[in-house]
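Structure first, then comments.
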Amino acid sequence: MFHLSVEEWTALALSLRVAGVAVLASLPFAVAAAWVLSRTRFVGQAIFDGAIHLPLTLPPVVTGYLLLLTFGRQGVAGHFLAEHLGIVFSFRWTGAALAAAVMGFPLMVRSIRLSLDGVDTRLEEAAATLGARPLAVFVTVTLPLIGPGILSGMVLGFARAMGEFGATITFVSNIPGETQTLASAIYTYTQVPGADAQALRLTLVAIAVSMTALIASEWLARLGRKRAVGT
1 MFHLSVEEWT ALALSLRVAG VAVLASLPFA VAAAWVLSRT RFVGQAIFDG AIHLPLTLPP
61 VVTGYLLLLT FGRQGVAGHF LAEHLGIVFS FRWTGAALAA AVMGFPLMVR SIRLSLDGVD
121 TRLEEAAATL GARPLAVFVT VTLPLIGPGI LSGMVLGFAR AMGEFGATIT FVSNIPGETQ
181 TLASAIYTYT QVPGADAQAL RLTLVAIAVS MTALIASEWL ARLGRKRAVG T
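For the sequence shown, position 219 (counting from the first letter as 1) is numbered 219 according to UniProt numbering, and the numbering increases by one without interruption.
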């Protein structure tokens with residue numbers, strides 16, 4: 001019952017790689033977006049905020065279709081990247097990582113923004129009055145304070161990426177060994193007569209990964225609150 005087949009290990013390993021790449025690639029953009037939302041005020045900020053969180057409200061299939069229109073081989077960006085840089089997303093594991101990054105991005109931004117909102121700006125102002133440049137203030141003061149929030153956002157983004165299905169299958173299909181992630185493999189097994197055991201095994205694996213991520217995220221959030229109180 002609990003012995004994973006080669007195909008199941010492949011789907012699990014691909015999911016871990018896709019989720020890891022998605023989180024690491026989108027992290028700098030998530031930090032930047034969270035900083036803009038927390039520290040600046042500008043015309044159209046509500047629209048910017050809404051656009052970042054749009055994947056949370058749109059059906060995942062819609063997000064996947066928009067990715068296909070944009071980054072598919074015939075898409076505006078996809079055609080350019082394929083012809084001039086040799087970068088192809090459609091029907092590749094890199095496309096699965098892109099879809100996972102887009103779906104997990106809002107969770108990362110929200111977690112990091114909440115941490116930024118909880119930072120005492122007087123600490124940043126004190127560092128600035130001592131002659132530190134804005135980048136130095138962010139690296140030496142702000143970044144250590146929001147570290148738990150960043151880690152929490154990464155964990156949530158990773159868990160969301162591990163569970164991504166709708167956008168991924170719409171954008172890059174369900175190709176074993178290439179784009180078939182854990183969620184796609186579970187879906188495939190549910191369509192095969194007599195494959196209930198395989199589907200249940202991978203479901204239990206998915207539950208274990210998700211629960212671990214949620215517990216880790218809550219622990220990091222508590223750590224962040226304790227550090228904020230301590231400062």
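Even for Gly, the Cβ is constructed at its ideal location relative to N, Cα and C.
* Asked: With DSSP run on the structure shown, which of helix, strand or coil describes Ala-19?
  -> The residue given as residue 19 occupies position 19 in the sequence shown. Residue state, collapsed to three classes: helix.
* **Alpha-carbon to alpha-carbon, Pro-176 and Glu-7** => Numbered from 1 along the sequence shown, position 7 holds the residue referred to as residue 7. Numbered from 1 along the sequence shown, position 176 holds the residue referred to as residue 176. Straight across, the Cα-Cα distance linking Glu-7 with Pro-176 is about 8 Å.
* Excluding the 5 residues preceding and the 5 following residue 302 in the sequence, name in chain order all residues of the same chain whose CB lies nearer than 8 Å to its CB. => Because the chain is modelled from 1 through 231, residue 302 falls outside the range shown and cannot be assessed.
* Asked: Quick one: what does DSSP say Leu-130 is sitting in, helix, strand or coil?
  -> Numbered from 1 along the sequence shown, position 130 holds the residue referred to as residue 130. Looking at Leu-130 - three-state DSSP - the assignment turns out to be coil, as it is neither helix nor strand.
* Where do the N-terminal and C-terminal ends of the alpha helix (DSSP H) with Ser-184 fall, by residue? -> The residue you call residue 184 lines up with position 184 of the sequence shown. It spans 182 to 190 - the alpha helix (DSSP H) in which Ser-184 sits, taken as one unbroken run.
* Touching or not, the segment 102 to 121 and the segment 145 to 162, by the rule of three or more beta carbon pairs under 8 Å? -> Verdict: yes, contact present.
* Residue interval of the alpha helix (DSSP H) (run including His-53) -> The residue you call residue 53 lines up with position 53 of the sequence shown. Looking at the DSSP string, the run of the alpha helix (DSSP H) that includes His-53 is 45 to 57.
* Asked: Measuring CB to CB, does residue 260 end up less than 8 Å from Pro-60?
  -> Lying outside 1 to 231, the shown extent of the chain, residue 260 is not represented and no answer is given.
* To do: Would you mind working out which of Leu-56, Ala-32 and Ala-159 sits nearest Met-211, comparing C-alpha positions?
  => Looking up residue 211 in the sequence shown gives position 211. Ranked by Cα distance from Met-211, the first of Leu-56, Ala-32 and Ala-159 is Ala-159.
* **First through last residue of the alpha helix (DSSP H) which encompasses residue 268** => Shown here, the chain extends from 1 to 231; a query on residue 268 therefore has no answer.
* Asked: With a CB to CB cut of under 6 Å and the five nearest residues on each side skipped, what residues in its chain are close to residue 232?
  -> There is no way to answer for residue 232, as the model of the chain reaches only from 1 to 231.
* Does the count of Cβ pairs from the segment 122 to 132 and the segment 189 to 205 closer than 8 Å reach three? -> No, the segment 122 to 132 does not touch the segment 189 to 205.
* CA nearest to the CA of Ala-11, picked from Thr-121, Trp-93 and Val-31 -> In the sequence shown, the residue the question calls residue 11 occupies position 11. Of the residues Thr-121, Trp-93 and Val-31, the one whose Cα lies closest to the Cα of Ala-11 is Trp-93.
* Could you tell me how far apart the beta carbons of Arg-90 and Leu-56 are, in whole angstroms, since I believe they sit closer than 8 Å? => As a first step, residue 90 is located in the sequence shown; it is residue number 90 there, counting from the start. As a first step, residue 56 is located in the sequence shown; it is residue number 56 there, counting from the start. Looking at the sequence shown, residue 90 is not Arg but Ser. In fact, because the Cβ distance is near 24 Å, the residues do not count as touching under 8 Å.
* **N- and C-terminal bounds of the alpha helix (DSSP H) containing Thr-94** => Locating residue 94 in the sequence shown gives position 94, where the first residue counts as 1. Per DSSP, Thr-94 belongs to the alpha helix (DSSP H) from 93 to 117.
* Glu-125 in three-state terms, based on DSSP -> Taking the first residue of the sequence shown as position 1, residue 125 is located at position 125. Reduced to three states, the DSSP call for Glu-125 is helix.
* Kindly indicate the opening and closing residues of the alpha helix (DSSP H) around Ser-5. => The count along the sequence shown starts at 1 and reaches residue 5 at position 5. No alpha helix (DSSP H) contains Ser-5, which DSSP labels as neither H nor E.
* To do: Out of Ala-199, Ala-197, Phe-105 and Arg-17, point me to the one whose CA is closest to Glu-33's CA.
  => The residue you call residue 33 lines up with position 33 of the sequence shown. It should be noted that the sequence gives Ala, not Glu, for residue 33. Looking only at Ala-199, Ala-197, Phe-105 and Arg-17, the smallest Cα-Cα distance to Ala-33 is reached by Phe-105.
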